[in-house]
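These notes are about the structure you will find just below.
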Amino acid sequence: MIGLQRALRGIAVPETDQHRAERFNRDMAKREAGNFYWGFISLGYHERMAIYALYNFARQVDDEADTVGIQNLPARLAVHRERISRCVRGDYGDDPILRVLSEAIERYAIPERELQMLVDGVEMDFSRSRYATFEELHAYCNLVASVVGRMCVRIFGFSDPVALARADDLGLALQLTNILRDVREDAVEMKRVYLPQDELQRFGVPEPALAKGEIYPGWSALIAYNVARARKYFETGYEVLRYIPRRPAACVQTMAGIYEELLKKIERDPGLPLHARAALSKTEKLRVVVRSWLSSA
Numbered sequence: 000m001i002g003l004q005r006a007l008r009g010i011a012v013p014e015t016d017q018h019r020a021e022r023f024n025r026d027m028a029k030r031e032a033g034n035f036y037w038g039f040i041s042l043g044y045h046e047r048m049a050i051y052a053l054y055n056f057a058r059q060v061d062d063e064a065d066t067v068g069i070q071n072l073p074a075r076l077a078v079h080r081e082r083i084s085r086c087v088r089g090d091y092g093d094d095p096i097l098r099v100l101s102e103a104i105e106r107y108a109i110p111e112r113e114l115q116m117l118v119d120g121v122e123m124d125f126s127r128s129r130y131a132t133f134e135e136l137h138a139y140c141n142l143v144a145s146v147v148g149r150m151c152v153r154i155f156g157f158s159d160p161v162a163l164a165r166a167d168d169l170g171l172a173l174q175l176t177n178i179l180r181d182v183r184e185d186a187v188e189m190k191r192v193y194l195p196q197d198e199l200q201r202f203g204v205p206e207p208a209l210a211k212g213e214i215y216p217g218w219s220a221l222i223a224y225n226v227a228r229a230r231k232y233f234e235t236g237y238e239v240l241r242y243i244p245r246r247p248a249a250c251v252q253t254m255a256g257i258y259e260e261l262l263k264k265i266e267r268d269p270g271l272p273l274h275a276r277a278a279l280s281k282t283e284k285l286r287v288v289v290r291s292w293l294s295s296a
């Protein structure tokens, strides 16, 4: 028997198209997902592959939109909308991302409309660069972040539909943290300002100060106001943990925990977003991972 086992180990097993597609998605997520990947690794195999494919598709649409230029964007977004429709039908061709995503759509009953909302979000990002009020910003965040959290919860499984609403809140919290972290980068490189215009005016912060990195007297109060709002959505968003299984809960706590730590750094140093990008060291991220696993055990 031992001899047979050794002989079998020496036989090369041909790699299937499915295995190649899964490896492609795993490698892309590991390379591109950054903070999120630390949460992905806690998931079971099928959930992890589904999340990889969902993340990779969203990243693919977003990245291409950054490179094709505004004139070519409508045509390219139409291509991605058709990719989604084909994927839902199980027509993925030789596309490794769509192959794995198609399986996830069927396994976890992900609605086509929620995937199409990702494309809507990219379209909105390129059709406007300013938001007059938080209500307008909230609508944008719903398309680029909250709907992603909602689809993740469908993959994780949930015991009560209220989990979907709480996932919306947590996605919003993460996106608001992103906006605070990237204030100057967005203003300089992307020519976009996500902080609501009425709030900049209320706190006496002129928009050009964001790109110049100039700290006005009202800046700290503006940051404190936005940190408090993000923290409110973290608080309600974390309620999703009550409705999802243990391993996905560790994933969610890890991803959200990393972003909460970023928010704390910005709260301690309100000027940080105007001169550097808040980030966690590998050691700090590992602490969040361990804490998340212990709290969900």
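Using numbering that gives the first Met the number 0, read the sequence shown as starting at 0 and increasing by one per residue.
Even glycine gets a Cβ: it sits at the ideal position worked out from N, Cα and C.
### Task
Report the three-state DSSP secondary structure of N71 (helix, strand or coil).
Position 72 of the sequence shown, counted from the start, is the residue given in the question as residue 71. N71: coil per DSSP, three-state reduction.
### Query
Can you list, in chain order, the residues of its chain whose CB lies under 7 Å from that of P272, leaving out five sequence neighbours each side?
For the purposes of this step, residue 272 is identified with residue 273 of the sequence shown, where counting begins at 1. Taken in chain order, the residues that qualify are L179, R180, V182, R183, I265.
#### Entry: Completely contained alpha helix (DSSP H) runs for the stretch 205 to 276, where each covers 4 or more residues
207 to 211, 218 to 236, 245 to 267
### Query
Below 8 Å between beta carbons: does that hold for E198 and L221?
As a position in the sequence shown, residue 198 is number 199, starting the count at 1. As a position in the sequence shown, residue 221 is number 222, starting the count at 1. Yes, these two residues count as a Cβ contact at 8 Å.
### Query
Which of the three DSSP states, helix, strand or coil, is assigned to Y91?
In the sequence shown, residue 91 corresponds to position 92, counting from 1. Coil at Y91, not helix or strand.
### Query
Taking three-plus beta-carbon pairs below 8 Å as touching, is the stretch 141 to 160 in contact with the stretch 83 to 97?
no
### Query
Under three-state DSSP, which class holds T132?
Here residue 132 refers to the residue found at position 133 of the sequence shown. T132: coil per DSSP, three-state reduction.
#### Entry: Collapsed DSSP secondary structure at L42 in the structure displayed
Start at 1 with the first residue of the sequence shown, and residue 42 comes out as number 43. Of the three classes helix, strand and coil, the one that applies to L42 here is coil, per DSSP.
### Task
Please check the pair V288 and W37, which I expect to be a contact at CB under 8 Å, by giving their CB distance rounded to whole angstroms.
By one-based count along the sequence shown, residue 288 stands at place 289. By one-based count along the sequence shown, residue 37 stands at place 38. That belief holds up - the Cβ atoms of V288 and W37 are roughly 6 Å apart, short of 8 Å.
### Query
Quick one: what does DSSP say I104 is sitting in, helix, strand or coil?
Here residue 104 refers to the residue found at position 105 when the sequence shown is read from its first residue. In the three-state reduction of the DSSP assignment, I104 falls in the helix class, which pools H, G and I.
### Message
Less than 7 Å between C-beta atoms, sequence neighbours within five positions excluded: which residues of the same chain meet that for I300?
### Response
For the chain, the structure presents residues 0 to 296; residue 300 sits outside this window and is missing.
### Query
Can you tell which of T15, N34, R22, R129 has its C-alpha closest to the C-alpha of E283?
For the purposes of this step, residue 283 is taken as the residue at position 284 of the sequence shown. Closest option to E283, Cα to Cα, is N34.
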